[in-house]
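S.K.:
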Amino acid sequence: MIRVFLLMILSVCLAGNVSGAIESLEKPAKGKKFETLVIRFQENLGFENPFDLRSNQIELEIRQPDLTTLSLSFFYDGKNEAGREQWEARFAPKQAGEHAFNIIINGEKRAAFSIPVQNSAPGVRGGLVLADDNATFAYENGETFRGIGLNVCWTDNYEHYFRKMKENGANITRIWMCPWNLSFEWQETGLGVYNLESARRLDGILELAEQYGIAVMLCLDYHGIAQKGQGFFRENRWLDSPYNKINGGPCTDGKELFTNAVAIEHFKRKYKYIVSRFGHSPSLGTWEFYNEADLMAGQAIPMNRWHIEMAEFIKSVDVHQRLVSTSATRNYPEKVADAFRSPAMDYAMFHIYNALNMAPHMVDIHEMAVDFYQKPMVIGEFGVEYRGADRTAKADSQHIGLHNSIWAGWFSETPVIPMSWWWDNYIDPLDLWHKFGDLARFAGELDFGQAHLKFQTLVPGRLAAKPDEQVFGFIRAIYAGADAALWMKNLNYQWSMVSEGHQLEQVGDFTQEIPGMLPGAYEVRWYDPQSGTFMGKTEKVRVGEDGQLRLAVASFERDLACIIKRQK
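Take the sequence shown: its position 160, counting from 1, is numbered 159 in numbering that gives the first Met the number 0, and each next residue is one higher.
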């Protein structure tokens with residue numbers, strides 16, 4: 000929520016060396032850490048294009064309590080009823096103490112003032128930042144973040160989806176800016192002019208997300224803007240692009256978006272406006288340049304260079320330092336590989352569809368990507384069928400792919416579990432929200448705190464009735480300091496086998512060994528992922544000097560989970 004304590008200054012006589020003081024300056028009298036300060040003024044500055052924050056420098060210079068300085072651009076927000084241009088800066092301070100501000104317009108200081116900033120109330124966490132490991136992000140106040148969520152890339156009713164998400168423990172979503180949702184720079188505006196109706200709608204969406212405790216991965220564009228022809232979903236729109244020469248733009252082909260100097264400059268102008276307007280919001284979790292960038296026209300070398308240049312640019316103008324990435328399928332990973340390896344990119348993101356056995360596939364993809372890119376990796380989209388929600392529901396009527404993917408994701412080294420697609424024609428109409436709630440209820444019982452997380456696929460245990468036989472199962476463990484969690488799945492519990500008519504057989508009683516535990520007493524709570532409930536009484540077990548915790552596991556048909564906590 001934008002918290003504004005406005006003090007109207009109708010005629011200003013501000014600190015020294017100020018020429019032509021700004022009239023009707025609105026500024027807060029005080030502020031709080033991580034909460035947005037809004038500074039506004041109304042003045043016709045006479046710029047040829049007021050949206051262009053590269054040619055026109057309307058800067059809020061900030062001296063923080065530790066004496067470091069920041070520079071944040073004012074953005075143009077249209078004209079008021081009196082025909083005066085409205086200019087606004089939004090700043091969420093990260094330090095408590097006195098902040099000194101100068102407003103500088105094209106090199107001329109027009110105002111100077113200071114605002115005291117207090118510590119925020121408990122529970123105000125700020126935005127997302129990188130953590131010390133690849134399995135979590137963190138909030139700016141230091142709290143650990145692990146994301147449970149799904150795509151809600153476009154909708155007319157974000158409050159409905161955000162409410163459903165909060166009710167089911169979800170805390171992150173992904174939203175597109177595209178021609179049919181939050182259209183920002185397209186046919187109706189022309190090149191270099193931005194849709195203020197969309198901008199104000201996005202203001203409201205981010206404020207709503209903050210109210211519901213949801214981080215937004217904001218996708219700034221999608222692959223179809225550079226593609227000719229229809230595309231499978233009729234999503235390709237190059238012929239309508241303001242960057243297309245036939246519409247007055249600089250490019251004859253979509254692949255020139257990554258090499259044409261004029262196009263690159265316009266992208267920087269757009270990104271500077273977007274960062275200046277929306278970057279303040281703690282619900283703005285990450286900037287994502289493109290949905291499935293590898294599907295765009297263009298060659299690997301210029302595409303990688305473009306992404307690195309733009310990531311470095313955004314970091315140079317974003318005083319709030321929100322996380323930066325792009326996304327890709329696995330079709331042409333070479334188009335983003337160098338970009339993902341670059342320090343300018345904070346995490347890698349891929350989309351996974353049509354895997355026959357989702358659980359081990361999700362685990363393997365996370366492990367390989369983290370090892371290759373040496374940074375966090377997020378599966379930003381997944382599904383058992385990419386061609387439609389109807390095909391998804393028909394292929395997997397028991398929704399096993401959804402279930403296994405999010406559980407395997409939580410037991411993988413990633414800060415955000417795999418994010419389902421088909422929100423409006425699969426998840427919501429079939430009321431599959433409980434799938435996220437069932438996972439969140441379990442996940443909330445393991446306190447990550449500052450613990451180093453370790454993930455491991457365990458060797459399946461031995462059947463009680465046949466000690467020479469291993470359990471036919473897939474078993475994942477999370478170690479969180481002295482505590483742990485397990486997820487055990489029948490190997491045949493996968494959507495592709497069940498859809499073909501394979502009958503699941505019970506996984507018999509067995510003993511599971513969990514290595515690497517500290518000696519001492521533990522409590523074990525069993526959980527049924529299918530019903531989303533904890534089962535029976537808490538069990539007590541003891542680990543000896545060998546570090547092996549031995550669990551007696553009761554038979555199950557589909558999957559089973561448990562939380563293991565060391566007693567003090």
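The C-beta atom is built at its ideal place from N, Cα and C for all residues, glycine as well.
Which ranges does the alpha helix (DSSP H) cover as unbroken runs of at least 4 residues, wholly within the stretch 454 to 507, from first to last along the chain?
M.R.: List check, alpha helix (DSSP H) in window: 494 to 498.
S.K.: Which residue wins for smallest C-alpha separation from residue 419, given the options 384, 393 and 439?
M.R.: Residue 384 is the option with its Cα nearest to residue 419.
S.K.: Among the candidates 377, 544, 462 and 564, whose CA atom is the shortest distance from the CA of residue 411?
M.R.: Closest option to residue 411, Cα to Cα, is 377.
S.K.: Find the nearest neighbour of residue 356 within the set 65, 42, 498 and 92, judged by alpha-carbon distance.
M.R.: For residue 356, the nearest C-alpha among the options comes from 498.
S.K.: Does DSSP put residue 83 in a helix, in a strand, or in coil?
M.R.: In the structure shown, residue 83 sits in coil (DSSP, three-state: anything other than H, G, I, E or B).
S.K.: Would you give the residue range spanned by the alpha helix (DSSP H) that residue 339 belongs to?
M.R.: Where residue 339 is concerned, the enclosing alpha helix (DSSP H) stretches over 336 to 340.
S.K.: When DSSP labels each residue in this structure, what does residue 3 get in the three-state scheme?
M.R.: Here the model assigns residue 3 a pLDDT of 41, short of 50, so the residue's position is not dependable, and the following value carries that caveat. Coil, per DSSP.
S.K.: Nearest to residue 132 by CA position, among 370, 552 and 122, is which residue?
M.R.: Taking only the C-alpha atoms, the option nearest residue 132 is 370.
S.K.: Need the endpoints of the beta strand (DSSP E) that residue 590 sits in, please.
M.R.: It is not possible to answer for residue 590, since the shown part of the chain is limited to 0 through 567.
S.K.: Our contact map puts residue 116 next to residue 253 with C-beta atoms below 8 Å; I'd like the distance itself, whole angstroms only.
M.R.: Incorrect: roughly 45 Å between the Cβ atoms, too far for contact.
S.K.: Could you tell me which of 404, 450, 330 and 185 sits nearest to residue 359, measuring between CA atoms?
M.R.: Taking only the C-alpha atoms, the option nearest residue 359 is 404.
S.K.: Straight-line CA distance for residue 110 to residue 27?
M.R.: Straight-line Cα distance between these residues: approximately 14 Å.
S.K.: Which residues mark the beginning and the end of the alpha helix (DSSP H) in which residue 370 is found?
M.R.: Note, residue 370: alpha helix (DSSP H), 357 to 372.
S.K.: Taking a contact to mean a Cβ-Cβ separation below 9 Å, would you say residue 489 touches residue 500 in this structure?
M.R.: Result no, Cβ atoms of residue 489 and residue 500 do not sit closer than 9 Å.
S.K.: Please give the ranges of any beta strand (DSSP E) in the stretch 158 to 217, keeping only runs that are unbroken, at least 3 residues long and fully inside the region.
M.R.: Counting only runs of 3 or more, we get 171 to 175.
S.K.: Is any heavy atom of the ligand HEM found at a distance shorter than 8 Å from the C-beta of residue 465?
M.R.: The model depicted lacks the ligand HEM and carries no ligand whatsoever.
S.K.: Identify which residue in 90, 393 and 302 has its Cα closest to the Cα of residue 320.
M.R.: It is 90 whose Cα lies nearest to the Cα of residue 320.
S.K.: For residue 535, collect the residues of the same chain with a Cβ closer than 8 Å to its Cβ; drop the 5 residues on either side in sequence, then sort them by chain order.
M.R.: Taken in chain order, the residues that qualify are 525.
S.K.: Please identify the residue among 66, 62 and 452 whose C-alpha is closest to the C-alpha of residue 144.
M.R.: Nearest C-alpha to residue 144: 452.
S.K.: Have a look at the DSSP bridge pairing and note the partners of residue 286.
M.R.: Answer is 217 and 323, bridged to residue 286.
S.K.: Return the bridge partner residues of residue 430 from the DSSP annotation.
M.R.: Answer is none; residue 430 lacks a bridge partner.
S.K.: Hey, would you say residue 523 sits closer than 9 Å to residue 503, going by beta carbons?
M.R.: In this structure, residue 503 does not lie closer than 9 Å to residue 523 by Cβ.
S.K.: Could you round the C-beta distance between residue 416 and residue 408 to whole angstroms and report it? I think they count as a contact, below 8 Å.
M.R.: The Cβ separation is near 4 Å, so the contact holds.
S.K.: Touching or not, the stretch 40 to 54 and the stretch 231 to 250, by the rule of three or more beta carbon pairs under 8 Å?
M.R.: No, the stretch 40 to 54 does not touch the stretch 231 to 250.
S.K.: Can you tell me whether residue 67 is helix, strand or coil according to DSSP?
M.R.: It is coil, neither helix nor strand.
S.K.: State the start and end residues of the unbroken alpha helix (DSSP H) segment that holds residue 408.
M.R.: Start and end: 399 to 409.
S.K.: Alpha carbon to alpha carbon, what distance is there between residue 454 and residue 563?
M.R.: Straight-line Cα distance between these residues: approximately 14 Å.
S.K.: What residue does the alpha helix (DSSP H) around residue 305 start on, and which one ends it?
M.R.: From DSSP, the alpha helix (DSSP H) with residue 305 extends over 299 to 316.
S.K.: Look at residue 343 and residue 310 and say whether their C-beta atoms are less than 9 Å apart.
M.R.: Yes.
S.K.: Identify whether residue 262 lies in helix, strand or coil by the three-state DSSP scheme.
M.R.: Helix at residue 262.
S.K.: With a threshold of 6 Å on Cβ separation, who are the neighbours of residue 216 within its own chain once the five nearest residues in sequence on each side are excluded?
M.R.: Result list for residue 216: 173, 284, 285 and 287, in chain order.
S.K.: Can you check DSSP and say which residues form a bridge with residue 118?
M.R.: Answer is none; residue 118 lacks a bridge partner.
S.K.: I need the DSSP call for residue 519, collapsed to helix, strand or coil.
M.R.: In the structure shown, residue 519 sits in a strand (DSSP, three-state: E or B).
S.K.: So the beta strand (DSSP E) residue 570 belongs to, where does it begin and stop?
M.R.: Nothing can be reported for residue 570: it is not among the residues displayed for the chain, which extend from 0 to 567.
S.K.: So what does DSSP say about residue 555, is it helix, strand or coil?
M.R.: Three-state DSSP puts residue 555 in a strand.
S.K.: Could you give the DSSP three-state label for residue 385: helix, strand or coil?
M.R.: Correct three-state label for residue 385: coil.
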